[in-house]
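Visitor: The following block contains the structure, expressed as structure tokens.
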Amino acid sequence: MLEVRGLTAGYGPVVVLRGIDLTVGTGEIVAMIGPNGAGKTTTLNAVAGMLPRGGDVLLDGEPLASAAEQVVRRGVALVPQGRKVFPRMSVEENLFMGAYPRGGTWRDFDRRAEPIFSIFPRLAERRAQIAGSLSGGEQQMLVIGRALLSEPKVVMIDELSLGLAPLMVETLLDTIVRFNRELGTACLLVEQAATAALEIAGSAYLLRRGEVVYHGPASRLRQDVDVLHGAYFGTATGTAAAAGRR
Amino acid sequence: MSKLLQTVIIGTVTGSLYSLLALGMVLVYRTTGVLNIAHGGIGVMAGFVAWDLVQLRHWPYYAGLLVGVSFAVLVGLAFERFVVRRLPNAGSRTVATLGLFLLAQGVVFVVPWWSNNSAQVFPSPFTGRVVSIPGADFAVSYDQIVLVGTVVLLFLGLQFLLRRTRLGMAMRAVSDDPAASRLMGVREELVAPVVWAMAFGIAGLSVMLIAPINLLENTSIVAFTLKALAVTFVGGLVSLPLTVLGATVLALLEAFTQIYAADIRGLPSAWPFILMVAVLVIRLIRPTKALDEQALAAA
Amino acid sequence: MRSWRGLVVFAVLLLVSAACNGSSAQRDALLRLNGVGGAGTGGSAAPDQTGAAVPSDSGVVPSGAPSVGGPGSVGASPAAGAAPSFGTPAAGGRASASGGSRSASSATPGGAPVSGGGGQAPAARPGAAASSAASAASPAPGAAPAQANGNTDVGVTATSIKVGHIGIYSGPVGYVGQNLSLAARATLQSINDSGGVNGRKLDVLVRDDGWDGTKGINAARDLVEREKVFAICCTQSVSTTDPLTAYADQQKVPNVGPDGWGLVQYGGQWSWPLGVPAMSEARVLAKWQVEKQGVKKAALLHLNSPTGQSFRDGYKEVLEKMGGKLEVVQAASFDDPGTTTLLARARAANVDTIAIYADSGIVARLMREAAGQGYKPPKGFAGSTFYYFNVTPELTGPAGEGLISSSHWTPHDQDTPGLRRYREVVTKYYPKIDHTAWTVTSFVGANLFADTLKKLGLNVTRQRLKDALDSTTDYDLGLGTKVSFRPGQHHANTATHLVQLMREGDKLAWKSIGYDDRDATFDK
Ligand SMILES: Nc1ncnc2c1ncn2[C@@H]1O[C@H](COP(=O)(O)OP(=O)(O)O)[C@@H](O)[C@H]1O
Ligand SMILES: [Mg+2]
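Residue numbers (this note's numbering), protein chains in the order written: chain Z, 461 to 706; chain W, 28 to 326; chain V, 10 to 533.
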């Protein structure tokens, strides 16, 4: 469904991504992991239209526009790194902004938000609270819920668990599984700390220095710590390291 | 008894005047993070344009009003396009509004047939008509009623705009987090001009409503704008209800001290200052964050 | 990168606006001059046509054009278009009047030319601080005492007398204040056009104080200490003339014909005020209101300046001495005139009248607002000459009907030979001038200055001018008050006339109500 081929991006003269290939199938949960500075955030931002990019990005075989406003309307939503809620707007109003690209109004808001509130009952409880005053975990729920209100085909979540307590991470992973199952929304889950994401993902990509160094079933990465180790510390490419041990 | 009623009426009308100017400034701050110091100055300039057309060129009143407001709107669009957009952050943009204020003042002073009097007479079609208040031995002019009515409408209108419409929500989202709002499909370059055009238009309209009551006069509008600025701090620069409340309280305090405690010299004119200090002290005593949340909850 | 560009944009914006504001006062003044004067003056003598007005160094100077000497009297006035500036005293026309010109020395009447023109006459003003003027050459020993080069004192040459004048062209009352200055300049110009003072032209340097005493005193210092004027004439901006009194005494420079509105001006040895003090106006007004209107309770709104306070004090004193009571007193500022609350307080106190010391703008607001409330004190509104301008009825509209104002001199609706002459002189140069008490004061001041100088003959010195002014007796231009000064007694004019805004066709106009009285409290 979402196909990325030979994606390049960078900041000014600095090239960060040197040709990323990546596929997220319909209704799939895909993990993308890699050490700090590997280029994960850059990849997501480039796909979402927040950065200029090279290469091809296709959605259902059609090229995806390179302007962020159009990307979200086509059904690719980004939950950016750092829990970017609208801090001075209420929970409800943040969710309203999620429906914005779909032409959402207050009149149809309840209908649109209903499924999201059922996935995130915490948000329903705190409808009127100012988003800036929510806890970190609640803010993460809010930005995911907000992204879902744009009725995306695929939602890209950057650093889901960063700075959150393990229990909260578990809760969030559960909700991802839930909306993936209930709404059929595909998910590209980006994590630096690999273990949690790999539990729910079908396939996984390992990114290092702007290149994909491993692609395969998430279960394999989960089982074989050396592959991960190799990817993180660069002793060899992940697959080679894993093969060598065998 | 009638003295009391008169004082309350005077306070309410003056409070509306402060509110009118303050609401326009809150709109800009809340949607752009910029403190628009030019608000009153732009209003005066637009007021003079309308006055020029109506009083000197004998245009119909409402045509002059429309052109005056449109002029302010165009200035707002130009300012957004050529200044705001090229400046990196709210701080530098605020300073730019100071520059714009000086520029507007300069224009008002330079046009010789605008500045040939300390004040210019700019009546509205209602000027001269009054309603007497039973029991107060007092009359309120239609112009004053229009002013108060406009403040109520403007307050409700802005509340509705900022909380219930897609445009208003988009404006607030952009001011909260421009990058995140792009991800929500909001195009800042389409939203920001609307904010500035609207705010400047409101500024122009405000002065045109004040002029029939107070004459068209620069010094006092600038002084009112400063008071309105003090009032906006009561609402943390974002809350519309607290702003209107602050404006009304300030005006009532002024009216009551001027009328009942005139012997305490300097007290009436000290109120804006006292109000500012009070807001600062409250902010020191109570955590700023909690206060801002309250302001926003009330917004 | 982006912030750098932003900074540039901002800097440009600030510069543009600063430029607009900086020049606005000057341009404003000039535009007004051209609007008020010019039309209809056939001769080449209109002061506003003497050359392009070039903003000068002090920042408040609508200089250049203001020089009264017309193109026909180049020797005594800066050449058209020359901008005087610091550091280049010899540039342009300025030099011709600063005592350094050789052509001036050759024209010295009745005195042997002294080499190295500009020598100070030693006998004239020994020890004066300002006598370092024109010190390019040491005084020639043995030169005739006062006649060397015609340079009998600071600012005096064989062909000219340098005179400083400070007017109000900007600031809160610039819109009315400029008339005062224009009347003075017209009168001084008329004196030059009819031959000057014993062959010398008056070289008038004009400054704008914006009704700001600090600016005014800076201008006075510039005129006296840098430009080395001989005297200051016809300065009628009470913010400046009050402090100017002490400065004139300190510098021993004659200050002829200030407004006299503030009481301190009468304490000076070197100032000869001609207007009526605000306190005297207030006393006469209060007396009339009690006697003729039966006023018992009054409210008063006054600008919070020393003059405003003296108006308040004079009004209260007489009102309460005659059994009335000043129920409400409120100070006003231009930012916050407080008209709304004054009206509420006046109504609550049920006063008979509201007395005002404020400009036309504030008066108009007060009366419009009262009319809007359907309120008028039984005996109406009354007050100072501050708003005795034709702009007042324009601003008040119909609400202004019945407003009473003080006036000095014969009110302008009268037709007397003195007023006819006044109008003829003033309107020749500035046809559109708004005639008031103060424009007449300007006219009297300029004439008194020139007539007294004429009495001195060629030996013009500051001390001799002072002595002559101090012996002025019944100086009369047929304008209602005869002016007399004695050493230590400079209260020459305390006669207040009352005028009222009355309907004339579909407009309101000031009409005399046929009452005048003097305040005798200052008589000695
Ligand atoms: N705004 C930026 N300007 C310049 N370089 C950046 C910027 N953001 C990230 N980079 C660089 O791009 C590389 C990839 O960063 P990023 O995509 O944030 O990595 P990750 O999300 O995998 O930690 C890093 O070397 C980082 O230093
Ligand atoms: Mg990252």
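We put the CB at the ideal spot given by N, CA and C, even for glycine.
1. When the distance is taken between beta carbons, is W/SER202 closer than 9 Å to W/THR59?
2. So V/ALA183 packs on V/VAL238, CB below 8 Å; how close in whole Å?
3. Just to make sure I have the definition right: I need the residues of chain W whose C-beta is within less than 8 Å of the C-beta of V/GLN509. Which are they?
4. Could you give the residue range of the alpha helix (DSSP H) that holds W/THR275?
5. Under 7 Å Cβ-Cβ, which residues of chain Z neighbour W/LEU210?
6. Between which two residues does the alpha helix (DSSP H) containing Z/MET616 stretch?
7. List, in order along the chain, the chain V residues whose C-beta lies closer than 8 Å to that of W/THR246?
8. Following a CB-centred definition, is Z/VAL650 positioned closer than 8 Å to any heavy atom of ligand 2?
9. Which residue comes first and which comes last in the alpha helix (DSSP H) that contains V/HIS421?
10. Report back the beta-carbon spacing between V/ASP258 and V/GLY277 to the nearest angstrom; my notes put them in contact at under 8 Å.
11. If we count the other Cβ atoms within 10 Å of its Cβ and call it buried at 16 or more, is W/TRP141 buried or exposed?
12. Classify W/ARG84 as helix, strand or coil using the three-state DSSP reduction.
13. Counting C-beta neighbours from all protein chains within 10 Å, is the total for Z/ARG543 16 or more, i.e. buried, or is it exposed?
14. Please confirm whether W/SER168 has its beta-carbon closer than 9 Å to some beta-carbon of chain V.
15. Against W/ARG214, what residues of chain A qualify as contacts under a CB-to-CB distance less than 7 Å, listed in chain order?
16. In or out: V/LYS533 buried (at least 16 other Cβ within 10 Å) or exposed?
17. Examine chain V for any beta-carbon lying closer than 9 Å to the beta-carbon of W/ALA207, and answer yes or no.
18. Select from Z/THR502, Z/ASP520, Z/ARG562 the residue whose C-alpha is nearest the C-alpha of Z/PRO512.
19. Listing by chain order, which chain W residues have their CB less than 8 Å from the CB of Z/PRO561?
20. For the alpha helix (DSSP H) that contains Z/LEU511, what are its first and last residues?
21. Assuming contact is defined by CB atoms lying nearer than 9 Å, are V/ILE200 and V/ASN456 in contact in what I supplied?
22. In angstroms with no decimal places, state the Cα-to-Cα distance between Z/SER663 and Z/ASP570.
23. What number of angstroms, rounded off, separates the C-alpha of V/THR394 from the C-alpha of V/SER451?
24. Taking only runs that begin and end inside the region 114 to 180 of chain W, name each unbroken alpha helix (DSSP H) of 4 or more residues, in chain order.
25. What separation, rounded to the nearest whole angstrom, lies between the Cα atoms of V/ALA446 and V/MET331?
26. Going by DSSP, which residues form a beta bridge with V/TRP281?
27. Just to confirm the assignment, what range does the alpha helix (DSSP H) spanning V/ARG194 have?
28. Tell me whether Z/GLU619, by its Cβ, gets closer than 8 Å to a heavy atom of ligand 2.
29. Of all Cβ atoms in chain V, is any one closer than 9 Å to the Cβ of W/ASP164?
30. Taking Z/SER482 as the reference, which of Z/LEU538, Z/PRO575, Z/LEU518, Z/ARG587 has the closest Cα?
31. Taking only beta carbons into account, state which residues of the region 62 to 85 of chain W come closer than 7 Å to chain V, listed in chain order.
32. Closest to V/ASP217 by CA distance: which of V/GLN245, V/LEU211, V/LEU328 is it?
33. Am I right that W/GLY228 and W/GLY74 are in contact with their C-beta atoms under 8 Å? What's the rounded C-beta distance?
34. Shorter than 9 Å from the beta carbon of W/VAL347 to some beta carbon of chain Z?
35. At the level of alpha carbons, what is the spacing between V/THR254 and V/PRO267?
36. What does Z/LEU462 pair with, by DSSP beta-bridge criteria?
Guide: Looking at the coordinates:
1. Taking the first residue of the second sequence as 1, we reach residue 59 of chain W at position 32. Taking the first residue of the second sequence as 1, we reach residue 202 of chain W at position 175. Result yes, Cβ atoms of W/THR59 and W/SER202 sit closer than 9 Å.
2. Along the third sequence, read from residue 1 onward, the residue named residue 183 of chain V stands at position 174. Along the third sequence, read from residue 1 onward, the residue named residue 238 of chain V stands at position 229. In the sequence as displayed, the identity of residue 183 of chain V is Gly instead of Ala. That belief does not hold up - the Cβ atoms of V/GLY183 and V/VAL238 are roughly 23 Å apart, past 8 Å.
3. If you number the third sequence from 1, residue 509 of chain V lands on position 500. Those within 8 Å of V/GLN509 in chain W number zero; the least Cβ separation is about 21 Å.
4. Counting from one through the second sequence, the residue named residue 275 of chain W turns up at place 248. Note, W/THR275: alpha helix (DSSP H), 267 to 287.
5. Position 183 of the second sequence, counting from 1, holds the residue named residue 210 of chain W. The CB of W/LEU210 comes closer than 7 Å to the CB of ALA508, ALA528, VAL532, LEU538, PRO540 in chain Z, given here in chain order.
6. Position 156 of the first sequence, counting from 1, holds the residue named residue 616 of chain Z. Counting along the chain, no alpha helix (DSSP H) covers Z/MET616; the unbroken beta strand (DSSP E) around it starts and ends at 614 to 618.
7. Translated into the one-based positions of the second sequence, residue 246 of chain W becomes position 219. For W/THR246, the C-beta contacts it makes with chain V under 8 Å involve PRO181, PHE343, ASP344, in order along the chain.
8. On the first sequence, position 190 is the one that residue 650 of chain Z refers to. Correct: Z/VAL650 has its Cβ closer than 8 Å to ligand 2.
9. In the third sequence, counting from the first residue as 1, residue 421 of chain V sits at position 412. For V/HIS421, there is no enclosing alpha helix (DSSP H), since its DSSP letter is neither H nor E.
10. Stepping through the third sequence from its first residue, residue 258 of chain V is reached at position 249. Stepping through the third sequence from its first residue, residue 277 of chain V is reached at position 268. With 8 Å as the limit, V/ASP258 and V/GLY277 qualify as a contact, their Cβ atoms being about 5 Å apart.
11. Walking along the second sequence from the start, residue 141 of chain W turns up at place 114. Counting the other CB atoms within 10 Å of its CB gives W/TRP141 a total of 16 or more, which places it among the buried residues.
12. Translated into positions along the second sequence, residue 84 of chain W becomes position 57. DSSP places W/ARG84 in coil when its eight states are reduced to three.
13. For the purposes of this step, residue 543 of chain Z is identified with residue 83 of the first sequence, where counting begins at 1. So Z/ARG543 counts as buried.
14. Here residue 168 of chain W is taken as the residue at index 141 of the second sequence, counted from 1. Closer than 9 Å: yes.
15. Any reference to chain A falls outside this structure, whose protein chains are Z, W and V.
16. Position 524 of the third sequence, counted from the start, is the residue given in the question as residue 533 of chain V. Per the 10 Å Cβ criterion, exposed.
17. Here residue 207 of chain W corresponds to residue number 180 of the second sequence, with the count starting at 1. At a cut-off of 9 Å, the C-beta of W/ALA207 has no neighbouring C-beta in chain V.
18. In the first sequence, the residue the question calls residue 512 of chain Z occupies position 52. Distances from the CA of Z/PRO512 to each of Z/THR502, Z/ASP520, Z/ARG562 were compared; the closest alpha carbon is that of Z/THR502.
19. The count along the first sequence starts at 1 and reaches residue 561 of chain Z at position 101. Neighbours of Z/PRO561 on chain W, chain order: MET211, GLY212.
20. Translated into the one-based positions of the first sequence, residue 511 of chain Z becomes position 51. Here Z/LEU511 belongs to no alpha helix (DSSP H), and DSSP marks it neither H nor E.
21. As a working note, residue 200 of chain V is residue 191 in the third sequence. As a working note, residue 456 of chain V is residue 447 in the third sequence. Result yes, Cβ atoms of V/ILE200 and V/ASN456 sit closer than 9 Å.
22. As a working note, residue 663 of chain Z is residue 203 in the first sequence. As a working note, residue 570 of chain Z is residue 110 in the first sequence. Each residue's CA atom was taken as its position, placing Z/SER663 and Z/ASP570 some 35 Å apart.
23. Here the question's residue 394 of chain V lines up with position 385 in the third sequence. Here the question's residue 451 of chain V lines up with position 442 in the third sequence. Cα-Cα distance, rounded: 14 Å.
24. For the region 114 to 180 of chain W, whole alpha helix (DSSP H) runs of length 4 or above, ordered along the chain, are 117 to 137.
25. By 1-based counting over the third sequence, the position of residue 446 of chain V is 437. By 1-based counting over the third sequence, the position of residue 331 of chain V is 322. Between V/ALA446 and V/MET331, the C-alpha separation is close to 28 Å.
26. Position 272 of the third sequence, counted from the first residue, corresponds to residue 281 of chain V. Per DSSP, V/VAL265.
27. As a working mapping, residue 194 of chain V is identified with position 185 in the third sequence. For V/ARG194, the enclosing alpha helix (DSSP H) starts and ends at 183 to 202.
28. For the purposes of this step, residue 619 of chain Z is taken as residue 159 along the first sequence, with counting starting at 1. Remark: the shortest separation between the CB of Z/GLU619 and any heavy atom of ligand 2 falls under 8 Å.
29. Position 137 of the second sequence, counted from the start, is the residue given in the question as residue 164 of chain W. Answer yes: the Cβ-Cβ gap between W/ASP164 and chain V drops below 9 Å somewhere.
30. Mapped onto the first sequence, residue 482 of chain Z falls at position 22. In the sequence under discussion, the amino acid at residue 482 of chain Z is Leu, which differs from the Ser named in the question. Comparing Cα-Cα distances from Z/LEU482 to each of Z/LEU538, Z/PRO575, Z/LEU518, Z/ARG587, the minimum goes to Z/LEU518.
31. The residues in question: there are none.
32. Stepping through the third sequence from its first residue, residue 217 of chain V is reached at position 208. Minimum Cα distance to V/ASP217 is reached at V/GLN245.
33. Within the second sequence, the letter at position 201 stands for residue 228 of chain W. Within the second sequence, the letter at position 47 stands for residue 74 of chain W. Not a contact, Cβ separation roughly 12 Å.
34. What is shown of chain W runs 28 to 326, which leaves residue 347 of chain W out entirely.
35. Residue numbering aside, residue 254 of chain V sits at position 245 when the third sequence is read from its first letter. Residue numbering aside, residue 267 of chain V sits at position 258 when the third sequence is read from its first letter. For V/THR254 and V/PRO267, the distance between alpha carbons rounds to 9 Å.
36. Position 2 of the first sequence, counted from the first residue, corresponds to residue 462 of chain Z. Paired residues: Z/VAL484, Z/LEU519.
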